[in-house]
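*Asks:* Provided herewith is a single structure, encoded as structure tokens, for subsequent inquiry.
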Amino acid sequence: MSEQVSSALQLKNILSDPNSNGNVENLLDVIAALVWDCNFQSAKNSKAIQSFVQRFSELANVIYSQRTKYTDFELVKVIGQGGFGRVQLVRHKDTRRVYAMKMMSKQHLLDHSQSGYWEERDIMVKAASEWLVTCHQAFVVRLHVHSLVKRNWGLVSIM
1 MSEQVSSALQ
11 LKNILSDPNS
21 NGNVENLLDV
31 IAALVWDCNF
41 QSAKNSKAIQ
51 SFVQRFSELA
61 NVIYSQRTKY
71 TDFELVKVIG
81 QGGFGRVQLV
91 RHKDTRRVYA
101 MKMMSKQHLL
111 DHSQSGYWEE
121 RDIMVKAASE
131 WLVTCHQAFV
141 VRLHVHSLVK
151 RNWGLVSIM
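Here's what the structure looks like:
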């Protein structure tokens, strides 16, 4: 196998591996989030940032319009709320599937150590145990980070 084919195969594996930081889903979120975060007035003073935003705004808008959004769900009830954000029981409008949605403020994650968030996310994404809550999907929408987790009816019924 040639070195070029081997490199292409390795890149394909990274892009398709759901546990990889280079997964295509993660990269799409990164593009949309970067354009959004660079669009603040304080960042607009940089010509390089302005050029980046102009170049990728249209792509970011297409990505945002096609990605999972908070508005794709209807609120069933708030399960809990704390300093980090809140957990809601939600129903997907199209599929009617029910999930618990953990919403956290991006600003809170930036102001405090993010390592706990990433550790929790990695555990939920990679979990293969019936004793651990698994993350169905995670997405970033403007000001919040959302994690959709498999709902646990036993916990919901006692709250």
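Just so you know, the sequence shown maps onto residues 1 to 159 in full-length UniProt numbering. The beta-carbon is built from N, C-alpha and C at its ideal position, and this holds for glycine as well.
1) What residues are listed by DSSP as bridge partners for Phe73?
2) Could you name the residues of the same chain whose beta carbon sits closer than 7 Å to that of Ser20, not counting the 5 residues immediately before and after it, in chain order?
3) I'd like to check one pair, His92 with Asp72: are the Cβ atoms closer than 8 Å?
4) My assumption, with CB atoms under 8 Å, is that Ala100 sits in contact with Ile63. Please give the rounded CB distance.
5) In angstroms with no decimal places, state the Cα-to-Cα distance between Ile79 and Gln10.
6) List the endpoints of the continuous alpha helix (DSSP H) containing Leu34.
7) Is the beta carbon of Val76 sitting closer than 8 Å to the one on Val98?
8) Just to confirm, is the Cβ distance from Arg86 to Phe139 under 8 Å?
9) Considering only C-alpha positions, which residue in the set Gln50, Val30, Ile123 is nearest to Asn39?
10) If we require 3 or more residues per run, which beta strand (DSSP E) segments fall completely within the stretch 42-74?
11) Strictly by DSSP, which residues pair up with Lys102?
12) Need the endpoints of the beta strand (DSSP E) that Ala127 sits in, please.
13) Taking Pro18 as the reference, which of Trp36, His136, Lys150, His144 has the closest Cα?
14) Does the beta-carbon of Ser7 have 16 or more other beta-carbons within 10 angstroms, so that it is buried, or is it exposed?
15) Tell me which residues share the same chain as Val24 and place their Cβ nearer than 8 Å to its Cβ, disregarding the 5 neighbours each side in the sequence.
16) Going by beta-carbon coordinates alone, are Leu109 and Val141 separated by less than 8 Å?
*Replies:* Working from what's here:
1) His92
2) Ile14
3) yes
4) 25 Å between Cβ atoms; not a contact.
5) 42 Å
6) 24-37
7) yes
8) Going by C-beta atoms, Arg86 is not nearer than 8 Å to Phe139.
9) For Asn39, the closest alpha carbon among the candidates Gln50, Val30, Ile123 is that of Gln50.
10) none
11) Val87, Ser147
12) Premise fails: Ala127 is in no beta strand (DSSP E) and is neither H nor E.
13) Nearest of Trp36, His136, Lys150, His144 to Pro18, Cα basis: His136.
14) exposed
15) Leu15, Ser16
16) no
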